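To start, the structure under review is shown below, and the notes come after it.
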Amino acid sequence: MCGIAGFLDPTRRAAAEALEKTAGRMAATLVHRGPDDDGVWADAEAGLGLGHRRLSILDLSAEGRQPMTSADGRHVLVFNGEIYNHHDIRAALDGESDAPRWRGTSDTEVMVEAINRWGLDRALEAFNGMFAFAVWDRRESTLMLARDRLGEKPLYYGWSRGVFLFASELKALAQHPAWRGEIDRGALALYLRHSFVPAPHSIFKGIAKLLPGHALTLAADGGEDAQRIAPYWSARLRAEQSAADPFCGSDADAIDALDGLITSAVALRMEADVPVGAFLSGGIDSSAVVAAMQRVAKRPVATFTIGFFDAAFNEAEHACAVASHLGTEHTEIYVGERDALDIVPKLATVYDEPFADVSQIPTMMLARLTRRHVTVGLSGDGGDELFGGYGRYQDAARRWHRARMLPSPLRAGLRCAAHHLPADALNSGFGWLGTVLSKRRRPSRPGDRLQARLMSYGAADAIDCYRPWTMHWRGARTPVIGAGNLATAFDDDLRRAPFADAVNSNMFMDAESYLPDDLLVKIDRATMAHGLEARAPLLDHRIAEFSWRLPAAMKIRNGEGKWPLRQVLYRSVPRNLVDRPKMGFDVPVGPWLNGALGDWAEDLLDEGRLKREGFFDPAPIRQRWQEHRAGVRNWRTELWDVLVFQSWYEQWRGTLTV
8 MCGIAGFLDP
18 TRRAAAEALE
28 KTAGRMAATL
38 VHRGPDDDGV
48 WADAEAGLGL
58 GHRRLSILDL
68 SAEGRQPMTS
78 ADGRHVLVFN
88 GEIYNHHDIR
98 AALDGESDAP
108 RWRGTSDTEV
118 MVEAINRWGL
128 DRALEAFNGM
138 FAFAVWDRRE
148 STLMLARDRL
158 GEKPLYYGWS
168 RGVFLFASEL
178 KALAQHPAWR
188 GEIDRGALAL
198 YLRHSFVPAP
208 HSIFKGIAKL
218 LPGHALTLAA
228 DGGEDAQRIA
238 PYWSARLRAE
248 QSAADPFCGS
258 DADAIDALDG
268 LITSAVALRM
278 EADVPVGAFL
288 SGGIDSSAVV
298 AAMQRVAKRP
308 VATFTIGFFD
318 AAFNEAEHAC
328 AVASHLGTEH
338 TEIYVGERDA
348 LDIVPKLATV
358 YDEPFADVSQ
368 IPTMMLARLT
378 RRHVTVGLSG
388 DGGDELFGGY
398 GRYQDAARRW
408 HRARMLPSPL
418 RAGLRCAAHH
428 LPADALNSGF
438 GWLGTVLSKR
448 RRPSRPGDRL
458 QARLMSYGAA
468 DAIDCYRPWT
478 MHWRGARTPV
488 IGAGNLATAF
498 DDDLRRAPFA
508 DAVNSNMFMD
518 AESYLPDDLL
528 VKIDRATMAH
538 GLEARAPLLD
548 HRIAEFSWRL
558 PAAMKIRNGE
568 GKWPLRQVLY
578 RSVPRNLVDR
588 PKMGFDVPVG
598 PWLNGALGDW
608 AEDLLDEGRL
618 KREGFFDPAP
628 IRQRWQEHRA
638 GVRNWRTELW
648 DVLVFQSWYE
658 QWRGTLTV
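Structure representation (structure tokens):
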């Protein structure tokens, strides 16, 4: 796991030494992603600079250093991630008439030689891994970027003052002299709606995220118009093909097939020249991964969990029970409120872009614990989105079943009403009931609830019906001043789910956006902040494609999700150890805002400050803050989104263009 950065300046004004210095300065901001080594490379004739920070995982010698040049000198590569099937690709290259003369044993060398001999498209098709890379073709003077199929590794890119920039994180881009950081208010509105900025957008104008499964090519003598982006692996196309070829075997056949895929994916991800362990919550996904690791490993697997003294948020006891049954070398640590609160000031630095999934806090704490013992940690990410783990999939499907019975003109009218409903006014209008009714009987955000219902029943299709479940800041009106409308996966026909049934459609939309833009961002930044590599076996693209072949009824049975994954796990762990209500990886932000974080929040949400900065209409924000402080309503989600942006802006304002 590493950090990459670079640029292509078509003016070609700088000498090689200056290019290397700039690339090195960009890469230096990513030292947390790669604390073991660094390297730069430049081509003055093209105006190209490449920088790299290395976290040594495979081939710890100097032969694994980057930027890495192919044996014939044509291609130069900087790479973040792992290619798990590199042995198979190496063997295939060895079978060719002009086999490479290998210098080391790293997957990086296999990558650059595969691209050199097969071309980018064939090489990408062969790679099984998580990756974001840039490769320079010296013969064709062409820069090529690519990102893994499901979006495990990040890659930002864009043009700033005529220079093409790219990097693993935004902070590296800001080190280039051509950097011009202007906040995109449309992206800010999307952030408030989702608690993250959905790809391909970023918080900055002119800077984008390369979509998962896509590649970008750019000729050195071309400008922005010469940039070409295309998918090499389309989740929608693969899902469509899978739906057209549904799994027709028995339940037992499906369980056997999934068991084999998980075992294979886990075995591939356990290879490393450094210690490997796993995150263990005691839930279905992480327990299934650890059980497979124990079958593959030659010694007990190291597992890690954090516990909370507040029983409402604590999963440590469940994890300990699973670890004991499987015989892992288990490490747990209990943390208190003060430990968690100490993370809050670091969030803007670690996440680099406004990102407000509150589970980022315990994830960072877990990453810190795990890195004390191992360098690689396997996770259970992906199980919910591929196998139906969230109750909202069924809730939204039931609502769509009722909505589609309504005539289309009536649905259109309801949709229009939803956009014009004064949700905030209704919320306030019912506020007086808080002084009359008990907390249990008090209506919670009636305006927002009514608006969500109208949106669902007015939906044009199952995917639109699912939208309200993806929103944080409720209401048709955003408090962001001057925000334009930016499209997301829900608006892109090339990214919308191809399934006929609502449940599979809802899961697919999460796999297209929530998974790569929230969950994988969360774990990538949290682990990389501590020099820890996270690997997600359940996100092997073979497992994703298999899951899309399964009918919804095979994923969710009797109202319970992840049916096939559960059956695989039950082969190793008794039901009573893992069958329990789903518990999110959460922290009590709401009470914190009325307690230890109160002064911090009040400063960031000060009405005068909000007016001066000019991003938000202060009225709805202050109203929510006052209601939260008074205990009238718990606005923790919306307030946390605003607070995280405010904290981020405070740190980044010095790099911004006004």
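Letter by letter, the sequence shown follows residues 8 to 665 in this note's numbering.
C-beta: ideal position from N, C-alpha, C; glycine also.
Everything numeric in this text was worked out from a predicted model, so none of it was measured.
- Out of I350, T224 and Y400, the CA that lies nearest to the CA of A374 is found in I350.
- DSSP places C327 inside the alpha helix (DSSP H), whose first and last residues are A323 to L333.
- In the pairwise beta carbon analysis, the stretch 66-86 is classified as touching the stretch 118-138: at least three pairs are separated by under 8 Å.
- A contact between stretches requires three or more CB pairs, one per stretch, nearer than 8 Å, and the stretch 54-61 fails this requirement with the stretch 202-218.
- Taken in chain order, the unbroken stretches of alpha helix (DSSP H) that lie wholly in the stretch 520-606 and span 4 residues or more are 527-535, 548-556, 559-562, 570-577, 582-585 and 596-600.
- By the CB criterion at 9 Å, T338 and Q301 fall outside the cutoff.
- M516 sits close to A496, with the two beta carbons spaced by under 9 Å.
- Taken in chain order, the complete alpha helix (DSSP H) segments of 4 or more residues contained in the stretch 101-132 are 114-125.
- Of the candidates A285, R631, V142 and A309, V142 places its Cα closest to the Cα of Q73.
- With a 10 Å radius around the Cβ and a threshold of 16 neighbouring Cβ atoms, Y473 comes out buried.
- In the structure shown, the three-state DSSP call for A419 is helix.
- Counting the other CB atoms within 10 Å of its CB gives S249 a total of 16 or more, which places it among the buried residues.
- DSSP places D402 inside the alpha helix (DSSP H), whose first and last residues are G398 to A410.
- In the three-state scheme derived from DSSP, where H, G and I count as helix and E and B as strand, C9 is classed as strand.
- Rounded to whole angstroms, A272 and N583 show a C-alpha spacing of 26 Å.
- In the DSSP secondary-structure assignment, H208 is bridged to A215.
- At a cut-off of 4 residues, the continuous stretches assigned as alpha helix (DSSP H) that sit fully inside the stretch 624-651 are 625-637.
- If you look at P369, you'll find it in the alpha helix (DSSP H) that goes Q367 to R378.
- Counting along the chain, the unbroken alpha helix (DSSP H) around A25 starts and ends at A23 to A35.
- Per the C-alpha coordinates, the member of R154, R19 and G10 positioned closest to D44 is G10.
- Scanning its chain for C-beta atoms nearer than 8 Å, with the 5 sequence neighbours on each side dropped, one finds around H380 the residues P282, G284, A309, F311 and T338, in chain order.
- Taking C-beta atoms as the reference points, W655 and G188 fail to come closer than 9 Å.
- With distances taken between CA atoms, P238 lies nearest to R156 out of R156, G230, Y163 and V585.
- Beyond the five residues adjoining it in sequence on each side, I488 comes within less than 8 Å, by CB distance, of R192, G621, F622, F623 and D624 in the same chain, given in chain order.
- For the pair of segments examined, the stretch 509-524 was found not to touch the stretch 225-237: the number of CB pairs separated by less than 8 Å stays below three.
- Scanning G289, I313, D359 and E322 for the CA closest to the CA of A330 turns up G289.
- The beta carbon of L539 is closer than 7 Å to those of A374, T377, R378, T382 and G384 in its chain, skipping five residues each way along the sequence.
- D128 and A559 have their C-alpha atoms spaced approximately 33 Å apart.
- Judged by DSSP secondary structure, M151 falls within the beta strand (DSSP E) whose first and last residues are T149 to R154.
- Distance from D101 to V575 at the Cβ level is roughly 35 Å; contact not present, criterion being Cβ atoms closer than 8 Å.
- In the DSSP annotation of this structure, the continuous segment of the alpha helix (DSSP H) that includes Y198 starts and ends at R192 to H201.
- The Cβ atoms of D593 and S366 sit closer than 9 Å to each other.
- Each residue's CA atom was taken as its position, placing R245 and S512 some 14 Å apart.
- Counting every other CB atom within 10 Å of its CB across the protein chains shown gives H408 a total below 16, marking it as exposed.
- In this model, W476 and A153 are separated by some 31 Å (Cα to Cα).
- Here D525 is buried, its C-beta having at least 16 other C-beta atoms within 10 Å.
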